[in-house]
Amino acid sequence: MTATKGHALAEQRGTDKRVVVQFEDNRHLTRLLGEYDSHLALIEDRLGIGAHAHGNSVILTGPEAPVHLARKVLEQNYARVAKGETVGPGDFDGLIRHIRQENAPSDGQAQIATRRRVIKARTPAQSQYIRALEKIDLVFGIGPAGTGKTYLAVAYAAHCLERGVVERIILSRPAVEAGERLGFLPGDLKEKVDPYLRPLYDALYDVLPPEKVERDMAAGIIEIAPLAFMRGRTLTNAAVILDEAQNTTTMQMKMFLTRLGEGSKMFVNGDPSQIDLPPGVKSGLMEAVGVLDGVPGIEAIRFVNSDIVRRDLVQKIVEAYDKGK
């Protein structure tokens, strides 16, 4: 049976609205609702309404606006499930954020498709960021931890590699000692800084098949290197990502940005609130954003605390630290 949008029946009960959303295929509905109807519980928590399943229907009760929003979220994610996609809590949370955001882009959630998965933007800022990655050759992503800057940049680089838009991926971070001493770690320089590059490895393995990552790294198609290894190079036909860019100095940032060669795209991400540079050393990230403001072919996307998608508790931690300043 071809699945379609749910059919809704609505009736008013006092100040609350009761909407029954009916779905054609119970197999799709089971995957839509999640284990033990966990996705319905998320909708209830986020929107402050009642939501429970009955047969091939979902019954929504509450104020008209959030009930209408919940119906749209269920119908749109049901359409994804019917196409064979997997939806999780992040997909529900992201769609709720997009629909309820007054200034959300009219064309909805942006997405990145890799061989392993389709990544949907979970906030309007993420949609803005993805669209910038698609259209602009040098993109800055600025904002707190947990907003998805690194993950989306790596996912889009993988997307470009798979489609032949670029020939290789280069991932880099500055090897700044955040209270630790690199000299006491075992191994050569690369082995010393590998722990600092672990978030980039993790993102790669999440969006590409592990065997492809290993094969491409062995062939030099995917390269992960400390920022210091970039000096003197010209990076052509590549997707180049600099993570933790708040820990670059002015000269390091200028050096990195001027590596950009023909056919390449460069994505520079950082969190200005987590600078580990020595006292008195200016971070190159925000300086670069200011200096390059208005230059054609460059765009800076700013994330805020409400864009944190890692989990609710992370957002609360960041907000608590901000208040304590």
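Numbered by my numbering, the letters in the sequence shown go through residues 856 to 1180 in order.
The beta carbon of each residue, even a glycine, is placed where N, CA and C say it ideally should be.
- Assignment of beta strand (DSSP E) within the region 1093-1177, counting only whole runs of 3 or more residues, yields 1093-1097, 1120-1125 and 1153-1157 in chain order.
- If you ignore the 5 residues before and after D892, its C-beta comes within less than 8 Å of the C-beta of H907 and A908, all in its own chain and listed in chain order.
- For A968, the enclosing beta strand (DSSP E) has its first and last residue at Q966 to A968.
- For the region 867-942, the full-length beta strand (DSSP E) segments reaching 3 residues or more read 871-877, 905-909 and 912-917 along the chain.
- In this structure, the beta-carbon distance from R1023 to A920 does not fall below 8 Å.
- Counting along the chain, the unbroken beta strand (DSSP E) around E1078 starts and ends at I1077 to P1081.
- Look at L993 here: in three-state DSSP terms it is strand.
- Within the model, the alpha-carbon separation for T978 versus A1010 is close to 16 Å.
- Taken atom to atom, the span from the alpha-carbon of Q966 to that of I985 is near 7 Å.
- A direct Cα-to-Cα measurement between D1061 and K938 gives close to 21 Å.
- Contact between P918 and D871 holds, with the beta-carbon distance rounding to 7 Å and staying under 8 Å.
- In terms of Cα proximity to I991, the closest of A1155, S1138, Y1176 and D1071 is A1155.
- For V973, the enclosing beta strand (DSSP E) starts and ends at V973 to K975.
- With fewer than three CB-CB distances shorter than 8 Å, the region 1096-1116 does not count as touching the region 1066-1077.
- The Cβ atoms of V874 and L924 lie no closer than 8 Å to each other.
- In this structure, the alpha-carbon of T1002 lies about 30 Å from that of R1088.
- For the options E1117, S1027 and K1067, the alpha carbon positioned closest to that of R1053 is the one of S1027.
- By the neighbour-count criterion, in which 16 or more other beta carbons inside 10 Å mark a residue as buried, A1012 falls on the buried side.
- Three or more beta-carbon pairs drawn from the region 882-899 and the region 944-955 are found closer than 8 Å, and the two stretches are therefore classed as touching.
- Note on A1083: under 16 other CB atoms within 10 angstroms of its CB, so exposed under the neighbour-count rule.
- Measuring C-alpha to C-alpha distances from G889 to each of G1019, V1021, Y933 and R901 identifies Y933 as the nearest.
- Counting other Cβ atoms within 10 Å of its Cβ, V1150 stays below 16 and is therefore classed as exposed.
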